[in-house]
Amino acid sequence: MTFRHCVAVDLGASSGRVMLARYDREQRSLTLREIHRFVNCLQKTDGFDCWDIDSLEAEIRCGLEKVCAQGIAIDSIGIDTWGVDYVLLNARGERVGLPVAYRDKRTDGVMLRAQKQIGKAEIYRRSGIQFLPFNTLYQLRALVEQQGSQVDQVAHALLIPDYFSYRLTGNLNWEYTNATTTQLVNINTDNWDETLLAWTGASADWFGTPTHPGNVIGHWRCPQGNAIPVVAVASHDTASAVIAAPLAGKDAAYLSSGTWSLMGFESKTPCTSEEALAANITNEGGAEGRYRVLKNIMGLWLLQRVLKEQNISDLPALIARTEQLPACRFLIHPNDDRFINPDDMSAEIQAACRETGQPVPENAAELARCIFDSLALLYADVLSELAALRGKPFSQLHIVGGGGQNQLLNQLCADACGIRVVAGPVEASTLGNIGVQLMTLDELSNVDDFRQVVTASHALTTYLPHSDHEIARYAAQFQQKRQTKELCA
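Just add 5 to wherever you are in the sequence shown, counting from 1, and you've got our numbering.
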């Protein structure tokens, strides 16, 4: 057999795709083809922002059936999604309610209570995970307190990709890389932390032992009758994206750029020092026992909301206008909680600039300029934090994911960080998903082997830093003050 065909279901917070990959064993090359694309959006149900999980399942099945209808022999299927959110099941395996989305406001204030009652340092010592107000640790506490009528019905809680795998195969699974995003997995045991789970009020019986990527969960029977293996890939989309990042040696950092920006580096050991806690660094699980030492940054969610509010569909034209504007006239702190899910993102950005005595962006191009400059400066600050934690600077930054198509932001990132930036591949989450499937099929030996295939199969673009750019000068101030809020004050 010359070719292997694998299907990746790649779900993001705003859209999903079913992608078909063809791996040429002789050429060691990998090609992707989009089979089905669909929208993912929130719906208000009983006062909560929820995912339309049944619609998403129907779209996934539609995409898989489209692949099967082409008469292609599929070797395996893998599913990756965003982290932290979950679906509740009763003892009959039926869904209990709709999954509440992480951007819902039900967790407001819960994280601070956890830090006071358990201790911030203790939570970090146990989990090694960044403090974000929507982590599953706080979602479960909010569930118990605000939706208690559901709790007595629950037998299992499955993270989103594990739920879809369950719906395809009938088998329960808790995949490790995504489980670590919950802030409920003990960093020393790779299993659920009893103390943290007990604080939520949820039952430990809801969860099974996390399994590492690379095992077959079960089989999905396609309409033509074939039983196709469903593989537990690195089901957190960033974990998959990092697998596909063609990192050039141990001194390379990565930036997975999309709705969220996740910047970090790979490590064989977690980084849970006092300095890491102070910097709010996370240690999420990766493939082959590697840790993804990284920091979550709000990312292009800011721009996505502005585009929707301003009814703009021609992004390249907007970026062209944005590029003509002077740099650093408007700056915000992208990671401020006020930007998680405001009613009006454009107005929220304008208010933040007004409150800090800056000029106020008045149109879409100025808002985009504000977002790009602010993100680039925050990238520089986070990269500096990460370099300090590991004790040496990085030689190169790899940008993967859809945000890597934004040439202006890529160049601003290079200028602000003062580092060589390599962008690509764009479809990193899908590729990483496929990579684990190919390793499970014994076509590739390990992650490094797969990265060689990615580098040979996909074009990469290099951006060199310009030290004389205005944003480079601002970045120098940024490093001195260490906090975006101080720079914007």
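The beta carbon of each residue, even a glycine, is placed where N, CA and C say it ideally should be.
Whole-angstrom C-beta distance between residue j and residue i, which should lie under 8 Å
i, j, result
"residue 435", "residue 15", "5 Å"
"residue 142", "residue 205", "6 Å"
"residue 456", "residue 234", "Incorrect: roughly 24 Å between the Cβ atoms, too far for contact."
"residue 424", "residue 262", "The pair is not a contact, with the Cβ atoms about 15 Å apart (cut-off 8 Å)."
"residue 37", "residue 24", "5 Å"
Cα-Cα separation, residue i to residue j
i, j, result
"residue 258", "residue 270", "5 Å"
"residue 208", "residue 202", "7 Å"
"residue 295", "residue 137", "22 Å"
"residue 97", "residue 171", "13 Å"
"residue 481", "residue 437", "35 Å"
"residue 167", "residue 442", "16 Å"
"residue 410", "residue 468", "12 Å"
"residue 53", "residue 91", "14 Å"
"residue 322", "residue 151", "45 Å"
"residue 124", "residue 87", "27 Å"
"residue 224", "residue 176", "9 Å"
"residue 293", "residue 451", "8 Å"
"residue 274", "residue 362", "43 Å"
"residue 128", "residue 345", "23 Å"
"residue 256", "residue 18", "31 Å"
"residue 115", "residue 448", "46 Å"
"residue 110", "residue 75", "44 Å"
"residue 154", "residue 93", "12 Å"
"residue 500", "residue 305", "Residue 500 is absent from the structure shown; the chain starts at 6 and stops at 494."
"residue 474", "residue 64", "45 Å"
Local conformation of residue i per DSSP, three classes
i, result
"residue 397", "coil"
"residue 307", "helix"
"residue 316", "coil"
"residue 283", "helix"
"residue 208", "coil"
"residue 29", "strand"
"residue 17", "coil"
"residue 169", "helix"
"residue 329", "coil"
"residue 46", "coil"
"residue 91", "strand"
"residue 346", "coil"
"residue 431", "coil"
"residue 420", "helix"
"residue 107", "coil"
"residue 227", "coil"
"residue 481", "helix"
"residue 391", "helix"
"residue 245", "helix"
"residue 465", "coil"
Residues near residue i by beta carbon distance below 7 Å, same chain, minus five either side
i, result
"residue 355", "365, 366"
"residue 276", "286, 288, 298, 394"
"residue 48", "55, 57"
"residue 417", "377, 378, 381, 476"
"residue 31", "7"
Contact set for residue i: own chain, Cβ-Cβ below 8 Å, skip 5 residues either direction
i, result
"residue 50", "103"
"residue 478", "none"
Residue i and residue j closer than 8 Å at C-beta
i, j, result
"residue 80", "residue 33", "no"
"residue 350", "residue 307", "yes"
"residue 126", "residue 282", "yes"
"residue 325", "residue 384", "no"
"residue 229", "residue 67", "no"
"residue 169", "residue 314", "no"
"residue 218", "residue 239", "yes"
Beta-carbon proximity list for residue i, same chain, < 6 Å, skipping 5 on both sides
i, result
"residue 358", "335, 365"
"residue 134", "188, 287"
"residue 11", "26, 80, 81, 439, 442"
"residue 184", "190, 215"
"residue 77", "10"
"residue 347", "353"
"residue 13", "24, 83, 435, 438, 439"
"residue 471", "420"
Any non-hydrogen atom of the ligand NAD within 7 Å of residue i CB
i, result
"residue 23", "This structure lacks the ligand NAD; in fact it carries no ligand of any kind."
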